[in-house]
Amino acid sequence: MKRQLRYAIGEVLIVIVGITIAFSMNKCSESQKNKTDKEQYLENLKQDIHVDKSNLEHNLAEITAKIETLQHIIPLINTAAPEKLKTQHSLFSTFKLTEFYPKDITYQTMINSGDFKLIDDFTLKAAIEQHYSNYKTILKDYYRQETIHKEYLGEYLIHHANYDRLRNGGFAFENEGLFKNILQSMTGSFQIKKEATERGIQSCDNLLNILDRF
6 MKRQLRYAIG EVLIVIVGIT IAFSMNKCSE SQKNKTDKEQ YLENLKQDIH VDKSNLEHNL
66 AEITAKIETL QHIIPLINTA APEKLKTQHS LFSTFKLTEF YPKDITYQTM INSGDFKLID
126 DFTLKAAIEQ HYSNYKTILK DYYRQETIHK EYLGEYLIHH ANYDRLRNGG FAFENEGLFK
186 NILQSMTGSF QIKKEATERG IQSCDNLLNI LDRF
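Laid out in structure tokens, this is it:
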């Protein structure tokens, strides 16, 4: 009887040890998978932010050039300056929208899948959240400039631009007082957009510096 009891106890212990080992191995495997997923997410985040920074730097150069063009031309509008006619073609470059579409696929995937919890360092997690929160403010400043283009410049070009005169070598923009006001508003919105772009670049640099520590 005692022998059978010892045998039964031994069997139970073997099962318990086996379950414990299997549980430990599974937990270790899951931990390794989480570590691998986290490293891949962080690497993808870096790539996304580098793309964003490059796009923002391109935008900054483009916006700066537009501001300089407008600052040169605006004083000539609504005057008889001969130079006005020569510079009107450069105005069209300022009419093209400079847009920014954040590359946030990795961040959104982490949030939607619940994998953002893999980022267990508080400083890193806070920096990532702050960076993508900054984009919301930046995009609002971009939208402000787009509103001026669509609602004011667009309407003006439909109703007050004389394209036949432009093709014949004349100054195409009628109602120059109104046109000058619109261009001045555009300059102000470009300045806001420029500052927003600079903040975006700085935000990218700040997060990249933190990501490089991990």
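Numbering (the working numbering), first residue to last: 6 to 219.
Here a beta-carbon is modelled for each residue, glycine too, at the ideal position from N, C-alpha and C.
Since the structure is predicted, the reported quantities are computational estimates derived from the model, not experimental observations.
So, are the CB atoms of residue i and residue j less than 8 Å apart?
{"i": "T111", "j": "L65", "result": "no"}
{"i": "Y46", "j": "D120", "result": "yes"}
{"i": "A177", "j": "Q52", "result": "no"}
{"i": "F97", "j": "N60", "result": "no"}
{"i": "I206", "j": "E62", "result": "yes"}
{"i": "I133", "j": "A201", "result": "no"}
{"i": "E73", "j": "L81", "result": "no"}
{"i": "Y157", "j": "I187", "result": "yes"}
{"i": "Y161", "j": "F184", "result": "yes"}
{"i": "R204", "j": "N139", "result": "yes"}
{"i": "N83", "j": "G182", "result": "yes"}
{"i": "K101", "j": "Q150", "result": "no"}
{"i": "L129", "j": "K43", "result": "no"}
{"i": "S194", "j": "I153", "result": "yes"}
According to DSSP, is residue i part of a helix, a strand, or is it coil?
{"i": "F105", "result": "coil"}
{"i": "P87", "result": "coil"}
{"i": "M30", "result": "Reliability of the predicted coordinates at M30 is poor, the pLDDT of 47 falling under 50, and no value is obtained from them."}
{"i": "N173", "result": "coil"}
{"i": "V20", "result": "Bear in mind that a pLDDT of 49 at V20, under 50, signals an unreliable position, so the number given afterwards is only what the model happens to contain. Helix at V20."}
{"i": "F219", "result": "coil"}
{"i": "I82", "result": "coil"}
{"i": "I72", "result": "helix"}
{"i": "I124", "result": "coil"}
{"i": "Y46", "result": "helix"}
Which residue marks the beginning of the alpha helix (DSSP H) containing residue i, and which one marks its end?
{"i": "K185", "result": "E181 to L216"}
{"i": "I133", "result": "F127 to I153"}
{"i": "I116", "result": "I110 to S118"}
Starting from residue i, follow its DSSP beta bridges and name the residues at the other end.
{"i": "A166", "result": "F178"}
To the nearest whole angstrom, what separates the beta carbons of residue i and residue j, a pair I think is in contact under 8 Å?
{"i": "M191", "j": "T99", "result": "7 Å"}
{"i": "I54", "j": "L212", "result": "6 Å"}
{"i": "C209", "j": "K108", "result": "Actually they are not in contact, since the Cβ atoms of C209 and K108 sit about 11 Å apart, beyond 8 Å."}
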